[in-house]
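Residue numbers (my numbering), protein chains in the order written: chain S, 2 to 223; chain R, 116 to 256; chain A, 310 to 616. Ideal Cβ placement from N, Cα and C applies to all residues, glycine included. Reviewing the structure listed below.
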């Protein structure tokens with residue numbers, strides 16, 4: 002999923018400062034999974050904003066809503082009747098959701114409550130780790146399902162580097178050396194042969210694109 | 116001055132396992148103090164969610180207690196551990212809006228010293244009022 | 310003026326080679342580089358210039374190599390893949406060759422978070438192995454990555470690094486084989502304090518048949534103090550400093566620790582000279598280049614042969 006973290010409330014307050022009527026919109030997908038922007042988090046943040054306003058003697062109106070997915074227009078449409086009653090929308094979606102809402106309602110002011118961080122997995126309850134960088138050219142089949150682009154600090158395709166020690170990355174002792182993992186997994190599978198050849202340089206144009214990337218599927222379009 | 120005399124609004128979330136007769140035992144105080152005290156029995160303190168604590172503060176509580184069983188004695192194993200973490204999380208959240216962390220307090224009961232909810236609540240009310248009325252109730256001109 | 314790599318000549322002749330590291334300054338003064346060159350000249354076959362080592366901004370390796378070349382040394386251009394993409398790297402390879410630099414050492418480089426610009430974007434467009442392959446392809450096929458032809462190929466003796474002390478130990482020889490297959494012709498290893506472990510690695514290397522395919526130069530770093538020994542043991546990733554070495558340094562009185570460090574370095578060099586498959590030594594005297602001449606002399610490797 003896409004992970005995100007709530008911005009400090011001071012920063013959120015600053016964005017909302019000139020406004021009285023605030024629509025707080027959460028998303029029930031990725032950000033709900035990582036406990037930063039789901040219905041519950043909408044409740045927590047709204048409660049905090051209301052209490053803060055009361056304590057400052059400020060009058061605000063905060064409406065709480067959560068869409069199943071904030072990046073899909075069919076769900077965003079649910080805001081149509083409501084959105085124009087508010088001065089500003091505080092979105093608890095990832096950057097994709099915030100922008101999608103702005104595309105549907107370009108005249109409405111919308112600000113993000115979250116900092117979108119990475120694509121990752123829920124390793125344990127309350128622990129999310131990055132595991133994909135969307136390079137557009139997946140090589141997980143060759144690297145025993147350990148992504149060197151994401152999990153090797155130097156993105157080596159012919160690793161490990163000389164700084165790998167006791168299975169840890171030289172950059173952070175809490176980070177396992179991805180190459181140690183690749184080598185030991187391939188060894189267990191009897192496929193160390195996959196590492197014999199020199200892996201050629203990546204085609205980074207697949208990740209960079211020429212500006213924002215897109216996927217177009219004619220069979221899916223009306 | 117103690118919290119009761121200071122007229123502070125107290126909310127107490129508590130684990131039902133502490134006092135099997137809590138339903139009856141809290142009535143006297145409820146009658147005596149009316150809106151000044153609110154009791155929320157929980158099947159386990161682990162049921163507490165930061166949202167409950169926020170709503171309690173938002174509805175005017177000056178002080179919110181969460182009462183748990185002693186560590187290691189939770190009937191559902193780690194409910195009280197979760198409660199502790201959630202209180203800490205919520206304390207961080209309210210601190211960001213300028214509310215004192217002390218408005219939320221964890222109370223861990225003692226295995227060797229069982230109390231009724233009435234005894235516990237009175238003890239808490241008798242404590243020194245270290246914080247004043249919540250600013251959330253509205254600023255004084 | 311096209312010259313040949315002195316390092317290549319020495320190694321191909323079967324002589325025990327001596328190379329040393331020259332650390333460029335954190336400033337733009339060329340005299341610093343020239344002076345270091347003067348300290349090394351005659352005592353080494355070639356001098357490496359590091360490339361923004363540990364992610365610290367220094368006078369670039371390419372310029373420093375050009376300065377050393379003008380002083381009459383045979384420089385080894387160290388090139389990391391951390392800071393430049395393939396366009397810049399290949400371009401610098403052409404530039405190095407045009408300036409008469411004849412040796413290149415390809416490495417990934419220390420992660421940028423260690424240096425004085427931790428907010429910099431780590432490029433890592435290609436890795437060290439892919440760089441080795443690219444340089445070889447430029448030199449032998451006259452082509453850049455992707456196959457487009459060069460008007461004139463670069464002339465470079467290609468090197469890589471190896472760390473016999475990092476994990477996974479067993480895999481290190483296989484990785485060396487990959488580098489050699491990609492085009493590495495000489496190897497400079499991480500500095501050796503644990504001779505026993507180094508011997509084990511050399512055994513693995515020989516088992517892989519690598520000792521006939523690549524020239525291996527063992528790395529040496531003279532210790533300045535017991536504190537340095539402890540620091541390297543604990544704080545530097547991929548380093549193996551045995552307890553006996555640390556104790557030996559601690560046992561020496563403070564004023565004599567440098568001499569003890571030099572002694573250990575010389576003993577290690579002598580052990581390397583006896584080891585089958587080791588073709589030379591690479592002395593990394595960090596900010597202590599003036600000790601290289603003493604070490605080379607005490608190891609009885611001075612004067613250097615005429616080529």
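Where residue i meets chain A, residues with beta-carbon distance less than 8 Å
| i | result |
| --- | --- |
| residue 48 of chain S | Correct list: empty, because the minimum Cβ distance to chain A is about 36 Å. |
| residue 181 of chain S | 476, 477 |
| residue 205 of chain S | 434 |
Interface partners of residue i on chain S, CB under 8 Å
| i | result |
| --- | --- |
| residue 213 of chain R | 53, 56 |
| residue 166 of chain R | 41, 44, 45, 48 |
| residue 250 of chain R | 55, 56 |
| residue 457 of chain A | In chain order: nothing, as chain S lies at least about 14 Å away. |
Under 7 Å by beta carbon: chain S residues contacting residue i
| i | result |
| --- | --- |
| residue 173 of chain R | 48, 51, 52 |
| residue 446 of chain A | Within chain S, no residue comes near residue 446 of chain A; the closest Cβ sits about 11 Å away, beyond 7 Å. |
| residue 517 of chain A | Residues of chain S passing the Cβ test: none, with the nearest at roughly 12 Å. |
| residue 472 of chain A | 163 |
| residue 433 of chain A | 155, 156 |
| residue 417 of chain A | 155, 157, 162 |
| residue 490 of chain A | 199 |
Bridge partners - residue i, DSSP secondary structure assignment
| i | result |
| --- | --- |
| residue 591 of chain A | A/328, A/528 |
| residue 126 of chain R | R/153, R/179 |
| residue 496 of chain A | A/469, A/525 |
| residue 24 of chain S | S/64, S/90 |
| residue 458 of chain A | A/452 |
| residue 173 of chain S | S/170 |
| residue 385 of chain A | A/357, A/412 |
| residue 117 of chain R | R/243 |
| residue 7 of chain S | S/115 |
Residue range of the unbroken alpha helix (DSSP H) whose run includes residue i
| i | result |
| --- | --- |
| residue 14 of chain S | 10 to 17 |
| residue 238 of chain R | 232 to 240 |
| residue 521 of chain A | Residue 521 of chain A -> no alpha helix (DSSP H), and no H or E assigned at all. |
| residue 47 of chain S | 40 to 57 |
| residue 205 of chain R | 194 to 211 |
| residue 374 of chain A | 370 to 379 |
| residue 557 of chain A | 552 to 560 |
| residue 223 of chain R | No alpha helix (DSSP H) contains residue 223 of chain R, which is instead part of the beta strand (DSSP E) from 219 to 223. |
| residue 81 of chain S | 81 to 84 |
| residue 96 of chain S | 96 to 105 |
| residue 367 of chain A | Unbroken run through residue 367 of chain A: none, as it is neither H nor E. |
| residue 31 of chain S | 31 to 34 |
| residue 139 of chain R | 137 to 140 |
| residue 208 of chain S | 206 to 209 |
| residue 167 of chain R | 165 to 173 |
| residue 185 of chain S | 179 to 190 |
| residue 215 of chain S | Counting along the chain, residue 215 of chain S falls outside any alpha helix (DSSP H), and DSSP gives it neither H nor E. |
Chain-ordered neighbours of residue i on chain S, where CB pairs are closer than 9 Å
| i | result |
| --- | --- |
| residue 170 of chain R | 44, 48 |
| residue 538 of chain A | What residue 538 of chain A touches in chain S: nothing, since even the nearest Cβ is about 17 Å away. |
| residue 395 of chain A | 202 |
Nearest-angstrom beta carbon gap, residue j and residue i [assumed within contact, 8 Å]
| i | j | result |
| --- | --- | --- |
| residue 25 of chain S | residue 45 of chain S | In fact, because the Cβ distance is near 10 Å, the residues do not count as touching under 8 Å. |
| residue 355 of chain A | residue 316 of chain A | 4 Å |
| residue 477 of chain A | residue 181 of chain S | 6 Å |
| residue 102 of chain S | residue 71 of chain S | 6 Å |
| residue 163 of chain S | residue 545 of chain A | Not confirmed; about 11 Å, so no contact. |
| residue 222 of chain R | residue 182 of chain R | 5 Å |
| residue 494 of chain A | residue 468 of chain A | 7 Å |
| residue 325 of chain A | residue 588 of chain A | 7 Å |
| residue 290 of chain A | residue 573 of chain A | One cannot answer for residue 290 of chain A here, as it falls past the ends of chain A, which runs 310 to 616. |
| residue 496 of chain A | residue 459 of chain A | Contact doesn't hold; Cβ gap of about 26 Å is too wide. |
Per-residue contacts from residue i into chain R (C-beta, under 9 Å)
| i | result |
| --- | --- |
| residue 10 of chain S | 208, 211, 212 |
Residue i - containing beta strand (DSSP E), residue span
| i | result |
| --- | --- |
| residue 345 of chain A | Where residue 345 of chain A is concerned, there is no enclosing beta strand (DSSP E), although the alpha helix (DSSP H) it sits in stretches over 339 to 349. |
| residue 184 of chain R | No beta strand (DSSP E) holds residue 184 of chain R; DSSP gives it neither H nor E. |
Contacts of residue i in chain A (Cβ-Cβ under 9 Å)
| i | result |
| --- | --- |
| residue 167 of chain S | 476 |
Per-residue contacts from residue i into chain A (C-beta, under 7 Å)
| i | result |
| --- | --- |
| residue 172 of chain S | 420, 422 |
| residue 184 of chain S | 477, 480 |
Quiz prompt | Length at least 4, wholly inside the segment 115 to 157 of chain S: the alpha helix (DSSP H) runs in chain order | solution = 149 to 152
Practice problem: Tell me the start and end of each unbroken alpha helix (DSSP H) in the segment 389 to 449 of chain A that is at least 4 residues and wholly inside, in chain order. | Solution: 395 to 407, 437 to 449
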